[in-house]
Every structure is written in C-alpha cells, then in structure tokens.
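Participant:
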Amino acid sequence: MGSFPIISVDIDLIPFVGMMLLGLCIGSFLNVCIYRLPRGESVASPGSRCTACGTPIRWYDNVPVVSYLVLGGKCRACRAHVSARYVLVEVLTGVVFAGHALVFEPGVLLAARAIFAALLIALFFIDLEHQLLPNALTWPGIAIGIAARRLAPI
Numbered sequence: 022m023g024s025f026p027i028i029s030v031d032i033d034l035i036p037f038v039g040m041m042l043l044g045l046c047i048g049s050f051l052n053v054c055i056y057r058l059p060r061g062e063s064v065a066s067p068g069s070r071c072t073a074c075g076t077p078i079r080w081y082d083n084v085p086v087v088s089y090l091v092l093g094g095k096c097r098a099c100r101a102h103v104s105a106r107y108v109l110v111e112v113l114t115g116v117v118f119a120g121h122a123l124v125f126e127p128g129v130l131l132a133a134r135a136i137f138a139a140l141l142i143a144l145f146f147i148d149l150e151h152q153l154l155p156n157a158l159t160w161p162g163i164a165i166g167i168a169a170r171r172l173a174p175i
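Quick note on my numbering: the sequence shown kicks off at 22 and runs consecutively.
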C-alpha cells in the first residue's frame with residue numbers, strides 16, 4: 022500500500038497568506054475610495070453598486086478577485102464590463118501586503134507600513150485617473166509617515 026505524504030504548513034506561511042488575504046480585502050475597499058473620493062461621495066454608504074446600472078452588488082458578488090473571475094468581469098445584473106482596474110488594485114494590494122509580511126516583523130510598524138502602502142496605492146490610482154490627491158488620504162498618510170519615522174528612526 023502506498024502512503025500519503027504528510028503535509029505540513031510552515032508557520033512562516035501563515036502570516037504571508039493572512040496578509041495576502043487582508044490585502045485583497047483592503048484592496049476591495051481601496052477601490053471604493055478610488056471611485057468615490059474624487060466624486061465627493063461617501064465611502065461608508067451606500068453599499069457597493071454597479072457603476073453602469075446602479076444595482077447594489079450582493080455580498081457574494083463582492084468577494085475580492087474571485088467575483089471578478091466568476092462573473093467574467095461583468096455586472097451580474099446588466100452584464101456591463103467591470104474595469105480590470107478593480108481586480109488589479111485588489112491583487113496589487115494583496116501582493117504588497119504579503120511582501121510586507123515577508124520583509125518586516127509583525128507589529129505596529131508592519132501595520133503602519135501596510136496602511137501607508139494602501140494609502141499610496143489609492144493615491145496612485147486616483148491621481149492616474151483624476152490628477153487629484155484628496156486630502157482625505159494625503160493628511161493621514163503624512164501623519165502615519167511621521168509617526169512611523171518616530172517609532173523606527175533610521
């Protein structure tokens with residue numbers, strides 16, 4: 022009889038995967054910020070909706086990356102094309118967060134660096150589309166940068 026290989030999970034893999042999943046979720050929220058902040062809309066409410074038909078997006082159609090792939094990059098209601106930017110921001114944020122988990126020790130500075138990276142990603146895509154850097158993101162970014170620098174001087 023053959024034997025099954027024992028599958029072990031390296032404990033270092035857990036923070037990497039955790040940060041990747043957190044990054045995908047944060048990336049989904051960044052898409053809300055990227056779309057709504059330049060338009061002066063609230064990022065808190067209403068919930069996510071199709072930009073073409075305005076239909077509210079159900080929770081199961083709002084799962085980062087997976088929903089985009091399952092729906093073929095289209096709205097479930099009107100079948101309008103959903104910009105690839107949405108999945109790009111989610112994947113980029115997931116990869117950046119996972120990279121932080123590989124390079125930095127867990128703690129307050131890792132969290133500050135990840136939040137700062139998320140702000141930079143949002144600012145990049147807003148600037149790319151609107152040539153605008155909203156104060157709602159730049160001021161917190163400055164504060165986080167100064168605080169992190171004070172906590173970890175070079």
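Beta carbons: idealized from backbone N, C-alpha and C, even for Gly.
Computed from a predicted structure; not experimentally measured.
1. Check whether the segment 90 to 106 and the segment 127 to 136 touch, using three or more Cβ-Cβ pairs below 8 Å as the test.
2. Taking Cβ to Cβ, would you say G68 is nearer than 8 Å to P77?
3. Heavy atom of the ligand ATP less than 7 Å from the Cβ of L45, yes or no?
4. With DSSP as the reference, please indicate the residues paired to R264 in a beta bridge.
5. What does DSSP give as the partner residue(s) for H102 in the beta ladder?
6. Counting pairs of Cβ atoms below 8 Å between the segment 138 to 157 and the segment 84 to 91, do you hit three or more?
7. Grab the span of the alpha helix (DSSP H) containing L154 for me, first residue to last.
8. Please report the straight-line C-alpha distance between I62 and T114, rounded to a whole angstrom.
9. Let me know the secondary structure DSSP gives D33 once reduced to three states.
10. Using C-beta distances below 6 Å, list every residue in its chain close to A101, excluding the 5 sequence neighbours before and after it, in chain order.
11. According to DSSP, simplified to helix, strand and coil, what is P85?
12. Do L144 and P161 have their C-beta atoms closer together than 8 Å?
Facilitator: Taking the geometry as given:
1. no
2. yes
3. For the ligand ATP, the structure offers nothing, since it holds no ligand at all.
4. Missing from the structure shown is residue 264; the chain here goes from 22 to 175 and no further.
5. K95
6. no
7. Careful: L154 lies outside any alpha helix (DSSP H) and carries neither H nor E.
8. Note that residue 62 corresponds to Glu in the displayed sequence, not to Ile. When rounded, the distance between both Cα atoms is 22 Å.
9. coil
10. A73
11. coil
12. no
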